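One structure below.
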Ligand SMILES: [Fe+2]
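In the UniProt record's numbering, the protein residues as written are 1 to 188.
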């Protein structure tokens with residue numbers, strides 16, 4: 001996109017995570033994430049019994065060129081698939097020099113960040129501000145009982161590489177423990 005999309009200001013609802021007016025909006029259902037969840041891998045080729053909405057993404061459209069930045073809101077709903085908490089697909093940036101800033105507005109979650117065989121886990125609670133360094137993959141996980149709302153800003157020309165995560169996953173998985181609290185496991 002080269003032409004600026006006026007007006008350049010929007011309204012961000014901190015309670016719902018919605019950006020109005022919405023330039024770009026995506027819904028990600030379980031059917032969009034076949035094979036990402038451990039339990040689903042075993043039944044990958046079987047029809048889903050249900051197809052819940054896992055998360056939603058709002059993005060403001062800006063010129064996709066160096067120097068521009070994308071404001072982005074992600075709303076991850078509470079729930080789990082086979083005991084594994086709802087999460088985003090996770091990605092690397094195609095431009096390995098592109099970092100990202102995350103700020104949690106509502107809810108309780110974990111942010112997985114992975115690079116070169118290392119996987120860090122950051123707590124996301126209202127006010128948590130996390131810097132995702134360039135070259136690190138990132139995935140958000142909702143481990144609470146309400147929506148997890150995260151505001152992010154990333155370079156408009158960063159690009160998204162989902163393939164590496166789709167094929168190999170993250171080094172850690174976040175599962176619901178016996179008392180309902182999150183337990184981080186090394187991925188097998
Ligand atoms: Fe990103």
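Backbone N, C-alpha and C define an ideal beta-carbon position, used for all residues, glycine too. A quick note: this is a predicted structure, and the numbers were derived from the prediction, not measured.
| Asked | Found |
| --- | --- |
| Distance, residue 171 Cα to residue 73 Cα | 25 Å |
| Span of the alpha helix (DSSP H) around residue 98 | From DSSP, residue 98 is part of no alpha helix (DSSP H); its letter is neither H nor E. |
| Sub-8 Å separation of residue 101 and residue 131 beta-carbons | yes |
| Outcome for residue 29 when other beta-carbon atoms lying within 10 angstroms are tallied against a minimum of 16 | exposed |
| Any 3 or more C-beta pairs closer than 8 Å across the region 41 to 57 and the region 67 to 84 | yes |
| In chain order, each beta strand (DSSP E) run of at least 3 residues that lies wholly inside the UniProt domain "Glucose-6-phosphate isomerase prokaryote" (32 to 168) | 53 to 59, 69 to 76, 100 to 106, 109 to 115, 118 to 124, 129 to 132, 137 to 142 and 148 to 155 |
| Any non-hydrogen atom of ligand 1 within 7 Å of residue 154 CB | yes |
| Pick from 183, 174 and 156 that is closest to residue 98, judged by C-alpha positions | 156 |
| Cβ-heavy atom distance, residue 216 to ligand 1, below 7 Å | Any question about residue 216 goes unanswered here, given that the chain covers just 1 to 188. |
| Contact set for residue 31: own chain, Cβ-Cβ below 7 Å, skip 5 residues either direction | 48 and 51 |
| Rounded distance between the beta-carbons of residue 140 and residue 129, thought under 8 Å | Rounded, the Cβ-Cβ distance is 14 Å, inconsistent with contact. |
| Closest Cα partner of residue 27 within the set 40, 87 and 46 | 87 |
| Those residues which DSSP pairs with residue 27 across a bridge | 56 |
| Distance cut-off 7 Å: residue 59 Cβ against heavy atoms of ligand 1 | no |
| Ligand 1 heavy atom lying under 7 Å from the CB of residue 100 | yes |
| Proximity test, residue 138 beta-carbon vs ligand 1 heavy atom, cut-off 7 Å | yes |
| Nonlocal neighbours in the same chain, by C-beta distance under 6 Å from residue 11, ignoring five residues either side | 20 |
| Pairwise C-alpha distance: residue 40 and residue 81 | 8 Å |
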